[in-house]
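Top to bottom, those sequences are chains A and B. Our numbering puts the first residue of the first sequence at 1, with every later residue one more than the last. Our numbering puts the first residue of the second sequence at 387, with every later residue one more than the last.
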Amino acid sequence: MIETKNKKGAWIAFVCVFLFLALIFALDQLIKPTDKLGMLLIVLQKGSVYALAAVSMNLLNGYTGLFSLGHAGFMLLGAYTYAIFTIPDKSRDAVYQYFDAAIRFSIPEQLSNHMGGFGTALGVFIALVLAGLVAALMAWLIGLPVLRLKSDYLAIATLGFAEIIRAVFQWSKLGPVTNGSNLLKNFARASKFKLEIAGTKLSLSTFVPVLIATVCIILIVLIVNSTYGRAFKAIRDDEIAAEAMGINLAKHKMISFVTSSFFAGVAGATLAMVLSIAQANNFKSAMTYEILLMVVLGGIGSITGSVIGSLLFVAASEWWLRGLDSGKFLGIEAPNIFRNGFRLVVFSVIIMVVVLFFRKGIMGEKELPDLFRKKKKEAPAKEGQA
Amino acid sequence: MSEQKTMLLVENVTMQFGGVVAVNNLSMEVREGEIVAIIGPNGAGKTTAFNVITGVYAPTNGRVSFDGRCVVENYPRGKMKKNYLGENAGLYTQVKEPTPDRLTALGMARTFQNIRLWKSMTVFDNILVAKHLKRSSNLFSAAFRMNREEEAQQRREVLALLEIVGLADVKDELATSLPYGKQRRLEIARALATKPKLLLLDEPAAGMNPQETQELTQFIGQIRKDFDVTIVLIEHHMDLVMDISDRIYVLDFGRLIAQGTPEEIQKNEKVIDAYLGVVDDAEN
């Protein structure tokens, strides 16, 4: 009986995901970036990247109960790895204008020489995985000492790590690799992704980031619902009992930390892909707080919540509340009040209201299939009353 | 009964916290299939002894052998070398400090004095997680559901276990929503799910009324038969202890003051002085 229930939930989720991807693909064709609705595409691109980052943070903070604040650091590692390995040879010298580029190897370019367009796509994919692996490797290294710490101490240690990484990447001695504090650009970016079928060009600039995020989030969902996910939850609920029941704490915390960082690295790489630039200065601890906020808004321990939280967050801050900064909002013109920065004031108030009225976040600990199931359960109860 | 093999052997275990010796030179032996009780007044060091046996604390000195092999061993070293207050300091030379999960994997499972169930999980999941250590899958094979057979097998085992312990009807409820007695029962079932050879119960009847205690007594007897486990328990309910124990160890101020069958213990004057006598006074 349990299995049929799970299967039903899986089908509902699968259908939703498929329809969602088809919708994104259609939007990508229908809306041009210069249109009025072009903002929607940008929100979807950035929103999906942040959704992935939030879900990967949720895996660690929400499901395993390890309060880590190093997310921006791992995203930075991913973004740089991706950027460095996808800058075409021709542009190397232009990008590294003050340094002599040490790495002159673009994976998509090398592969496209052999396999054409498919090679480029494969190269981008490999660079993404590499970005995740670099972040995961770093997570493993710092996890060895840091994961012995608990709660606040772990948060401070990982926060410190993220700041150190950012400083190191801006160090001019590393310039030949990281381009110092200058930005990396001209690498494989979302706005250039196109699919050519029989002469017609189909834009993939929104579809690809959304697809990457969707696939990664599905992977995380699979992990969370596996025996390992249950072990993580056991560690969160009661570490001592988990250890006494044979769960190796050091090993499982490390698995969770490394997995979470892998996806944070992929999210960082996708962010670079969307923004078309990678600069260490963008990956400040404020970014970690933003992601944490999305997780909390959506509901700690709910993946659907993290996704909804990040889409709403990005839409509000990038799109809906823009008018508050530029003088006109909801048809009201008040250039004296709606000045630069007012958006953030309103935004903070909204967040406070949400946190006050949804203590457990928008979704609590519920997931997408739960919503369908709950309605069904409630319906017969109402009939019974009537 | 007498010639059965030794399941648990505790030798000269001393546990010292700073200047306090919580367990002092404790030695005990538990044979296969026995039910052994550890009793003693509050603060006698019973739970500390449990924590040493299950690997939560590394002892300051002494050795614990389980199922014929040495699993825990330590001797006073470092700062403790100067400050050691116990006995038999020179007896051991090895250091073996396994984490509790290693000992659980070897076949030792325990319950806790204050119930430690996983709060956000259902009754079913609580037991399913305890089966995690029997899994052969790694993160990838688990995520991609490559071990469906194993998963289905474990789910069947969990259901069967829930039937035996009488919790099958509440399997989809949150563990913390159960009444107290059933939570205790679930915690014991969770320990049994790891397929232990030795089950350690830390005050299983704490907070129970006589009716529930009676049921628990029967339940423990049933477990021994059905699951073929050796049981060590800490308990304050003397009825329960005298009812089901084959042998009893009595601790006072960290020291072993008596051991023997329930009849012997009831007659032992040291025990009556240190423990039962005090209880009688308090009641009168």
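Built from N, CA and C at the ideal position, the CB exists for glycine as well.
In terms of CA proximity to VAL509/B, ASP558/B leads the group ASP453/B, GLY552/B, ILE425/B and ASP558/B. Judged by DSSP secondary structure, ALA423/B falls within the beta strand (DSSP E) whose first and last residues are 421-425. Measuring C-alpha to C-alpha distances from ILE24/A to each of LEU44/A, LYS328/A and LYS7/A identifies LEU44/A as the nearest.
Put simply, the CB of ALA546/B is far from chain A, with every gap to its CB atoms at 8 Å or more.
For PHE613/B, the enclosing alpha helix (DSSP H) stretches over residues 596-613.
If you ignore the 5 residues before and after THR580/B, its C-beta comes within less than 6 Å of the C-beta of THR490, ALA495 and ALA516, all in its own chain and listed in chain order. Counting along the chain, the unbroken alpha helix (DSSP H) around ASN113/A starts and ends at 107-115.
Residue burial annotation: ILE220/A is buried, with at least 16 other C-beta atoms found within 10 angstroms of its C-beta.
With a 10 Å radius around the Cβ and a threshold of 16 neighbouring Cβ atoms, GLU196/A comes out exposed.
The continuous beta strand (DSSP E) containing LYS201/A extends over residues 200-203. At a cut-off of 8 Å between beta carbons, GLY361/A makes no contact with chain B.
Within 8 Å of the CB of THR485/B, the CB atoms of chain A belong to GLU243, ASN248, LEU249 and ALA250, in sequence order along the chain. For GLU535/B, the enclosing alpha helix (DSSP H) has its first and last residue at 534-551. According to the DSSP assignment, SER226/A belongs to no alpha helix (DSSP H), since it is labelled neither H nor E.
Counting only runs of at least 4 residues, the segment 564-592 of chain B fully encloses the following alpha helix (DSSP H) elements, listed from N- to C-terminal order: 566-579. Sorting GLY567/B, LEU585/B, ASP614/B and LYS611/B by C-alpha distance to the C-alpha of ASN595/B places GLY567/B at the top. In summary, the residues of the segment 566-585 of chain B whose CB is separated from some CB of chain A by less than 9 Å are GLU573, ARG576, ALA577, ALA579 and THR580, in the order they occur in the chain. In the structure shown, the three-state DSSP call for ASP93/A is helix. Look at the beta carbons and you see the segment 211-226 of chain A not touching the segment 141-153 of chain A: under three pairs across the two are nearer than 8 Å. Only THR259 from the segment 259-275 of chain A bring a Cβ to less than 8 Å from some Cβ of chain B. Chain-ordered, the chain B residues with CB closer than 9 Å to the CB of LYS233/A read TRP504, SER506, MET507, ASP511 and VAL515. Residues of the segment 420-453 of chain B with a C-beta less than 7 Å from any C-beta of chain A: THR440, listed in chain order. In the three-state reduction of the DSSP assignment, ALA51/A falls in the helix class, which pools H, G and I.
Taking 8 Å as the CB threshold, LEU330/A stays off the interface with chain B. The Cβ of HIS518/B sits closer than 8 Å to at least one Cβ of chain A.
Rounded to the nearest angstrom, the Cβ distance from ILE291/A to ALA135/A is 14 Å, too far for a contact under 8 Å.
Contacts with chain B at 8 Å (Cβ-Cβ) do not include ILE300/A.
When DSSP assignments are scanned along the segment 8-69 of chain A, the uninterrupted stretches of alpha helix (DSSP H) that are 4 or more residues long and fall wholly within it turn out to be 38-57.
Here THR200/A is exposed: its Cβ has fewer than 16 other Cβ atoms, across all protein chains shown, within 10 Å. For LEU547/B, the closest C-alpha among the options GLY646/B, ILE574/B and ASN437/B is that of ILE574/B. Bridge partners of TYR635/B according to DSSP: ILE424/B and GLN645/B.
In the displayed model, SER172/A falls within a helix according to three-state DSSP.
In the structure shown, LYS505/B adopts coil according to DSSP, grouped into three states. In terms of beta-carbon proximity, THR490/B lines the interface with chain A, with at least one pair separated by less than 8 Å. For the pair of segments examined, the segment 616-635 of chain B was found to touch the segment 583-591 of chain B: the number of CB pairs separated by less than 8 Å reaches three. 8 Å or more divides the Cβ of GLY117/A from the Cβ of GLY301/A.
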